[in-house]
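The structure appears right after this line, and notes come after that.
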Amino acid sequence: MSSRRKFLKLAALGAGALGISKTMGKASLFAETPVEKGPVVISTWNHGMPANRAAWTILRDGGTALDAVEQGVRVVESDPESTSVGYGGRPDRDGHVTLDACIMDHLGNCGGVAFLEHIKNPISVARKVMEDTPHVLFAGEGALEFALSKGFVKENLLTEDSRLAWQEWLKTSQYKPIINVENHDTIGMLALDLNGNLSGACTTSGLAYKPHGRVGDSPIIGAGLFVDNEIGAACATGMGEAVIRVAGSHTVVEMMRQGHSPTEACRLAVLRVIKKHDPALIHDLQVGFLALNKKGEYGGYAIHKGFNFALRNKFTEILMDAGAVVG
Ligand code: SD4
2 MSSRRKFLKL AALGAGALGI SKTMGKASLF AETPVEKGPV VISTWNHGMP
52 ANRAAWTILR DGGTALDAVE QGVRVVESDP ESTSVGYGGR PDRDGHVTLD
102 ACIMDHLGNC GGVAFLEHIK NPISVARKVM EDTPHVLFAG EGALEFALSK
152 GFVKENLLTE DSRLAWQEWL KTSQYKPIIN VENHDTIGML ALDLNGNLSG
202 ACTTSGLAYK PHGRVGDSPI IGAGLFVDNE IGAACATGMG EAVIRVAGSH
252 TVVEMMRQGH SPTEACRLAV LRVIKKHDPA LIHDLQVGFL ALNKKGEYGG
302 YAIHKGFNFA LRNKFTEILM DAGAVVG
């Protein structure tokens, strides 16, 4: 399209369709083009299925991708059976359930919480950080104080099941995270709404029996999650330290910017993780990425076989295996 025609089209759409929002006083420069195939949501692991279902009820009715990802991941955060996210998450080695989460919208607004205790839905606290403060990341006691000031309720997140598992673990205190085995890790979710806008969310209790105070990639914008509404969105699961080292989700989005498909972008980011680590460590290192582009195309890739993701759009609701470099 010529730039003059583009200009006329944008002018005809008017400011309302230009994605101009009051949030943090920022405005999108890119017109919101309706997505022909309708909205889409993808999320990590088996627990992505119920999470996608909640997100879909919002997307299907024309709701925003931001609302969809927040409500979607809250399902897993609130589920005591999910032992790697939110309530019921495995504690650190001292018996504390400490949570990490972040959220990002189509305007580049973002918020996160790290090392947060006692709050069942850290993703909603992250959204408050994004919407109610000029900051991006709150941690620890300060994050808890902030949450309480916003009306969140202080709760005990250590379920009886998690407490018993932790006490069992204390007998040997062996710390060797094998990420695929339990197959229900961090939830990262990416959505594209009817207006063609992207958002993402990522939330976790982190590695089971981690040292007290350890924070992974999941609350860090660019590592556990990144959204660029011009291009696409990405999220990560697996060993957070390895993801942070290569600014993983940001790298995936930059690969899509260079013209790669979501699957190929994830594969290239995985190869970069591998390249940056001692080959002897790769056997025990799992990292996986998911990506969704502006056209609603999606994909995932991991170092090792076993990483899967859930997809929901108007045609289907399925669990898919991501590609893998090893296995
Ligand atoms: C972390 N990335 O805390 C998280 C854990 C995870 O799949 O995603 N496990 O490092």
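Under the numbering used here, the first residue of the sequence shown carries the number 2, and numbering increases by one thereafter. Built from N, CA and C at the ideal position, the CB exists for glycine as well.
Can you say whether residue i is buried or exposed, counting buried as having 16 or more other CB atoms within 10 angstroms of its CB?
i              : result
glycine 297    : buried
lysine 277     : exposed
leucine 312    : buried
threonine 65   : buried
alanine 209    : buried
lysine 129     : buried
aspartate 106  : buried
tyrosine 88    : buried
histidine 284  : exposed
alanine 28     : Here the model assigns alanine 28 a pLDDT of 36, short of 50, so the residue's position is not dependable and the matter cannot be decided.
threonine 99   : buried
isoleucine 319 : exposed
serine 101     : Reading off the sequence, residue 101 comes out as aspartate, not serine. By the 10 Å Cβ count, aspartate 101 comes out buried.
glycine 113    : buried
histidine 261  : buried
alanine 281    : exposed
glutamine 330  : With the chain covering only 2 through 328, there is no way to say anything about residue 330.
aspartate 279  : exposed
alanine 323    : buried
valine 86      : buried
aspartate 186  : buried
valine 41      : buried
alanine 325    : buried
glutamate 142  : exposed
glutamate 169  : exposed
Could you tell me how far apart the beta carbons of residue i and residue j are, in whole angstroms, since I believe they sit closer than 8 Å?
i                 : j              : result
alanine 234       : leucine 191    : 4 Å
leucine 293       : isoleucine 124 : Between isoleucine 124 and leucine 293 the Cβ distance is about 18 Å, and since that is not below 8 Å, they are no contact.
phenylalanine 290 : alanine 237    : 5 Å
Please identify the residue among the options whose C-alpha is closest to the C-alpha of residue i.
i                 : options                           : result
leucine 171       : Leu226, Leu145, Ile222 and Arg94  : Arg94
serine 83         : Val216, Val42, Leu158 and Glu118  : Leu158
phenylalanine 147 : Asp162, Ile120 and Arg164         : Ile120
glutamate 161     : Asp62, Pro81 and Ile221           : Pro81
tyrosine 302      : Thr45, Val77, Thr317 and Gly223   : Thr45
histidine 305     : Leu272, Leu320, Asn314 and Phe316 : Leu272
glycine 239       : Gly207, His136 and Ala102         : Gly207
tyrosine 176      : Leu165, Pro92, Ile59 and Lys295   : Pro92
glycine 197       : Ile59, Asn230 and Asp133          : Asn230
methionine 50     : Leu226, Lys151, Val70 and Leu108  : Val70
glutamate 193     : Val228, His213 and Ser163         : According to the sequence provided, residue 193 is leucine. The question's glutamate does not apply to it. Of the candidates Val228, His213 and Ser163, the one whose C-alpha sits nearest the C-alpha of leucine 193 is Val228.
glutamine 72      : Ile188, Leu282, Gly90 and Gln259  : Ile188
glutamate 78      : Gly63, Gln168 and Val126          : Val126
glycine 90        : Glu142, Ala166 and Trp57          : Ala166
valine 342        : Arg215, Ala140, Glu142 and Lys295 : Nothing about residue 342 can be read from this structure; the chain reaches only from 2 to 328.
glutamate 330     : Gln168, Ala266, Asp322 and His97  : What is shown of the chain runs 2 to 328, which leaves residue 330 out entirely.
valine 247        : Ile232, Gly152 and Leu226         : Leu226
methionine 256    : Thr58, Val244, Ile232 and Asp68   : Ile232
phenylalanine 116 : Ala325, Ala144, His136 and Thr317 : Ala144
leucine 195       : His136, Val327, Leu67 and Met321  : Leu67
arginine 215      : Ala140, Thr134, Glu132 and Thr173 : Ala140
proline 212       : Val244, Glu132 and Ser174         : Ser174
serine 150        : Asp133, Leu138, Gln259 and Cys103 : Asp133
tryptophan 57     : Gly328, Thr317 and Cys267         : Thr317
glutamate 118     : Leu199, Val154, Val327 and Gln259 : Val154
Give a yes or no on whether the C-beta atoms belonging to residue i and residue j are separated by under 8 Å.
i              : j             : result
glycine 249    : valine 274    : yes
threonine 252  : glycine 300   : no
asparagine 309 : asparagine 47 : yes
lysine 315     : glycine 39    : yes
asparagine 122 : arginine 61   : no
- Should the region 201-209 be regarded as contacting the region 219-228, the criterion being three or more beta carbon pairs within less than 8 Å? yes
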